[in-house]
Amino acid sequence: MKKKNRLSAQEYIQGVLNGDRMVLSRAITLVESTLPSDQTLAEEVMGEVLPFSGKSIRIGVTGVPGVGKSTFIESFGKMLVDQGHKLAVLAIDPSSQKSRGSILGDKTRMDSLAADKRAYIRPSPAGSKLGGVSARTREAMLLCEAAGHDVILIETVGVGQSEIAVKGMVDFFLLLMLSGAGDELQGIKKGIIEMCDALVINKADGGNLEAAKRAKRDYANALHLFAVQENGWSPKVEICSGLSGQGLDAIWEMVQAYREKMQSNGYFEFNRSNQRINWMHEHIMYLIENKLYSNQHIQLLLGNILEKVKTGEVSPIAKAKELVDLFLEKKSS
265 MKKKNRLSAQ EYIQGVLNGD RMVLSRAITL VESTLPSDQT LAEEVMGEVL PFSGKSIRIG
325 VTGVPGVGKS TFIESFGKML VDQGHKLAVL AIDPSSQKSR GSILGDKTRM DSLAADKRAY
385 IRPSPAGSKL GGVSARTREA MLLCEAAGHD VILIETVGVG QSEIAVKGMV DFFLLLMLSG
445 AGDELQGIKK GIIEMCDALV INKADGGNLE AAKRAKRDYA NALHLFAVQE NGWSPKVEIC
505 SGLSGQGLDA IWEMVQAYRE KMQSNGYFEF NRSNQRINWM HEHIMYLIEN KLYSNQHIQL
565 LLGNILEKVK TGEVSPIAKA KELVDLFLEK KSS
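If you're matching positions, the sequence shown starts at 265 in this note's numbering and goes up one per residue.
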């Protein structure tokens with residue numbers, strides 16, 4: 265029986281392919297749902313729209329809180345739609361690890377872009393998903409592409425070892441930085457620098473402009489110490505002002521140059537192919553974990569085991585193996 269607030273699979277499919285923003289939003293809500301009936305419907309919808317996806321450039325934008333991600337994305341996005349692009353922004357909001365609640369404030373911080381019918385902004389809670397991205401961000405991205413959006417921006421929660429999963433779902437990974445905040449080169453993680461395709465110093469305006477220029481030289485010199493990426497691309501350093509829009513055109517030219525080079529050397533599709541494989545493996549792990557914890561027999565045992573693990577009475581590793589072995593035995597019997 266179909267829920268009152270759910271469309272039929274065909275209504276979702278046609279609405280998305282026709283670029284209907286309301287249906288697109290409802291389709292993303294559908295794929296984000298954890299209800300088994302919704303997941304079944306979502307799989308059918310995704311299967312039909314998948315051939316119409318993949319025609320965008322996917323850009324991940326990350327950076328420490330306060331670096332101005334939302335301001336940058338709004339200005340960058342306005343520039344893109346003015347050039348004739350159809351933009352989608354997937355803004356992943358932090359979720360409370362206590363309440364699992366999310367502020368979902370990114371859309372309000374991009375009020376000008378949100379009001380522009382040439383752009384589509386979708387704030388989603390990160391939840392407990394590691395990587396700073398919603399568990400369904402990939403599906404949302406594919407739905408946006410099927411709806412005709414040719415540029416997808418994914419804004420992550422923050423920056424750090426648990427926020428770099430976005431690299432595994434985008435074509436171009438952009439790291440925003442600030443200047444004048446002490447020794448910048450000591451304040452960032454080497455792993456993230458090695459993963460970025462561009463390092464952009466934001467808020468390069470007013471009295472901060474000269475500091476931004478100095479930081480650009482420092483970062484450019486530091487990047488020479490890193491090995492060239494396997495795709496043959498050397499990460500570039502730029503400065504910009506999300507507030508004034510200065511320097512944004514150079515960043516877009518860099519993204520286009522990157523795309524052209526990656527498509528010419530075959531890495532663009534190679535990277536996406538690997539991402540699809542990794543996506544499948546990640547979803548397998550998600551499904552196994554979900555089925556294990558929803559198993560009634562496991563649920564009955566878990567409460568008592570957790571208390572013993574908490575007090576140090578038993579080994580967490582041994583009990584984890586015991587639960588998995590028991591789950592597999594029950595499934596095979």
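Glycine included, each C-beta is placed from N, C-alpha and C at the ideal position.
Note that the coordinates shown come from a computational prediction; the quantities given were computed from them, not determined experimentally.
Excluding the 5 residues flanking residue i on each side, which residues of the same chain have their C-beta closer than 8 Å to its C-beta?
i    : result
D447 : In this prediction, D447 scores a pLDDT of 48, lower than 50, which makes its location untrustworthy; no coordinate-derived value is stated.
F490 : I457, E458 and P499
N542 : G432
P580 : V573
H413 : S320, K350, L351, A352 and Y384
S289 : R386
Q539 : G432 and M433
Within the continuous beta strand (DSSP E) that includes residue i, where are the two ends?
i    : result
V492 : Here V492 belongs to no beta strand (DSSP E), and DSSP marks it neither H nor E.
L438 : F436 to M441
Can you tell me whether residue i is helix, strand or coil according to DSSP?
i    : result
T420 : coil
N269 : coil
A379 : coil
S537 : helix
N542 : helix
R402 : helix
N529 : coil
M459 : helix
M374 : coil
Please list the terminal residues of the continuous alpha helix (DSSP H) segment that includes residue i.
i    : result
G341 : K333 to D346
L507 : Here L507 belongs to no alpha helix (DSSP H), and DSSP marks it neither H nor E.
H561 : Q560 to T575
S596 : P580 to S596
A476 : L473 to L487
What do you reckon, is the C-beta of residue i under 6 Å from a heavy atom of the ligand HEM?
i    : result
N535 : Among the ligands in the structure shown, none appear at all, so the ligand HEM cannot be discussed.
In terms of DSSP beta bridges, what is residue i paired with?
i    : result
L351 : A383 and V415
V464 : L440 and E502
S388 : I356
Closer than 6 Å by C-beta to residue i: which residues in its own chain qualify, once you throw out the five before and the five after it? Chain order, please.
i    : result
G365 : Residue placement at G365 is flagged as unreliable, the pLDDT there being 39, under the threshold of 50; the coordinate-derived value follows with that caveat. Excluding positions up to five away in sequence, the list is empty.
L590 : none
S360 : Residue placement at S360 cannot be trusted, given a pLDDT of 39 that sits under 50; what the coordinates show is reported in the next sentence. Excluding positions up to five away in sequence, the list is empty.
R322 : I416, V434 and D435
V295 : A306, R400 and E403
K362 : With a pLDDT of only 41 at K362, under the threshold of 50, the placement of this residue in the model should not be trusted; the figure read from the coordinates follows. None.
Once you ignore the five residues that flank residue i on each side, which residues in its own chain have a CB closer than 7 Å to its CB?
i    : result
E502 : A462, V464, G511, A514, I515 and M518
G509 : S339 and M343
V331 : L440, M441, L442 and N466
Q450 : Any reading at Q450 is ruled out, since the residue's pLDDT is 47, under 50, leaving its predicted position unreliable.
I292 : R386, A404 and L407
Quick one: is residue i near chain B, going by C-beta distance under 7 Å?
i    : result
M518 : The structure shown contains no chain B; it is built from a single protein chain.
Quick check for students: name the residue ranges of the alpha helix (DSSP H) that lie wholly in the region 272 to 343, counting only runs of 4 or more.
273 to 281, 285 to 296 and 300 to 313
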